[in-house]
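The block underneath contains the structure these notes are about, expressed in structure tokens.
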Amino acid sequence: MAFTDLETWLESTDRDLARLIQAVAEGCREVSRLVARGALGGVLGEQGTQNVQGEGQKKLDVIADDVFMDVARRCGVVRAAASEEQDDPVVTEAGDAPYLLLFDPLDGSSNIDVNVSIGTIFSVLRAREGAGFDPADLLQSGRRQVCAGYAVYGPQTQLVLTTGNGVDAFTLDPDSGRWLLTRAGLSIPAQAKEFAINASNSRHWAEPVSRYVSECLEGRDGPRGKDFNMRWIASMVADVHRVLNRGGVFMYPWDKREPSKPGKLRLMYEANPMSLLVEQAGGQAFDGVQAILDVQPTALHQRVSVMLGAAEEIEHLKALHRA
Ligand code: AHG
Ligand code: MN
Ligand code: MN
Ligand code: MN
125 MAFTDLETWL ESTDRDLARL IQAVAEGCRE VSRLVARGAL GGVLGEQGTQ NVQGEGQKKL
185 DVIADDVFMD VARRCGVVRA AASEEQDDPV VTEAGDAPYL LLFDPLDGSS NIDVNVSIGT
245 IFSVLRAREG AGFDPADLLQ SGRRQVCAGY AVYGPQTQLV LTTGNGVDAF TLDPDSGRWL
305 LTRAGLSIPA QAKEFAINAS NSRHWAEPVS RYVSECLEGR DGPRGKDFNM RWIASMVADV
365 HRVLNRGGVF MYPWDKREPS KPGKLRLMYE ANPMSLLVEQ AGGQAFDGVQ AILDVQPTAL
425 HQRVSVMLGA AEEIEHLKAL HRA
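Everything in the sequence shown is counted per this note's numbering, starting at 125 for the first residue and increasing by one.
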């Protein structure tokens, strides 16, 4: 069977954006190679430092961050880049380049050392008209993303992309190094019977989330009238990849552990790109108040409550939050 490759797929995309996607895909291929070598490449374990979020960094968090910052500096179409692993945005020498790149270089850090799927998430925004850059230029709502995607480093390495015309998935051919289109037009069924949440936080959840999950757990005898299954990989990329491929709901909601913290996941590097992919696949993404894509960011590293996936489930969660 002949598969379309990424270069061909990009022929209908704006030339600069195509160049950027190509460069990010090359970065993902490099990280995939490092991940696959694991202990043999000396990339596992702790780095011994902390990021701006106060999280301990793994070696691979830092290595992947370097790979994608290099991509941003060298591709010629990125004016500035921001990463979950760096305090401040990095301005490139391409002072009038059209795009801004934001990324979570390595998602699912707790899974690196146990050989469970991890990933890279990225988001592309337009730079301001003309030349120049101010860090505030990055604070655009998710609706303004021109492209979003992720790579998942799992049993296969896949790249899942949207440029605003649906969601397509490519698989990295380990023999040729090419990205081949293996699934086009991903679509999340409106109904679902599977949910993903870290249930160890249940005592801290807000009432609407507790109610939603307990209704699911009541199964066919409860108000939902159907049984639900549960999954939690603890790599957002892998959990959302499952939702995009076979449906369901993913939640990392605000909880009372640290009441002043709006959630765990990061708006600009995780929630926005995933929300665009999910909406493009017919699903919804909600933060407890509004669509995540409508959140007006106020800080680069801000966090957000996340509930996303099957449209009917998110509608139900919205109703519980209004009650
Ligand atoms: P990161 O590795 O980029 O810091 O992100 C980890 C995130 C996300 O991938 C996942 O959904 C969540 O953390 C898992 O958190 P818990 O360990 O609290 O379940
Ligand atoms: Mn982290
Ligand atoms: Mn992450
Ligand atoms: Mn990360």
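The C-beta atom is built at its ideal place from N, Cα and C for all residues, glycine as well.
The beta carbons of L401 and P421 sit no closer together than 9 Å. DSSP lists no beta-bridge partner residue for S334. In this structure M375 is buried. Its beta-carbon is surrounded by 16 or more other beta-carbon atoms within 10 angstroms. In this structure, V148 lies away from G232, with their beta-carbon atoms at least 9 Å apart. Shown here, V201 sits in coil according to DSSP, grouped into three states, outside any helix or strand. DSSP places M431 in no alpha helix (DSSP H) but in the uninterrupted beta strand (DSSP E) bounded by 430 to 433. Distances from the CA of S311 to each of A423, F410, G151, Q404 were compared; the closest alpha carbon is that of Q404. With a cutoff of 8 Å, D211 does not count as near ligand 2, since its C-beta is closer than that to no heavy atom of the ligand. Counting along the chain, S247 sits inside the beta strand (DSSP E) bounded by residues 242 to 250. Burial state of K182 is buried, judged by a 10 Å Cβ sphere holding 16 or more other Cβ atoms.
The Cβ neighbour count for A218, taken over all protein chains shown within 10 Å, is at least 16; the residue is labelled buried.
Put simply, the region 237 to 249 touches the region 356 to 373. At least three CB pairs are less than 8 Å apart. M398 and V364 have their C-alpha atoms roughly 8 Å apart. Proximity to ligand 3 was defined by a C-beta distance below 6 Å to any of its heavy atoms, and the residues meeting it, in sequence along the chain, are D228, D231, M360, E394. Residue side-chain check: D185 places its Cβ nearer than 8 Å to a non-hydrogen atom of ligand 2.
Residue range 170 to 174 is occupied by the beta strand (DSSP E) that includes G172.
Ligand 1 has no heavy atom closer than 8 Å to the beta-carbon of S247.
A heavy atom of ligand 1 is found nearer than 8 Å to the CB of W356. According to the DSSP secondary-structure assignment, C271 is paired through a beta bridge with V248.
DSSP assignment within the region 297 to 346 yields the following whole alpha helix (DSSP H) runs of 4 residues or more, N-terminal first: 331 to 342. In this model, Q269 and A415 are separated by some 14 Å (Cα to Cα). As a beta-bridge residue in DSSP terms, T286 pairs with A272. Per the DSSP secondary-structure output, Y277 pairs in a beta bridge with I242, T281.
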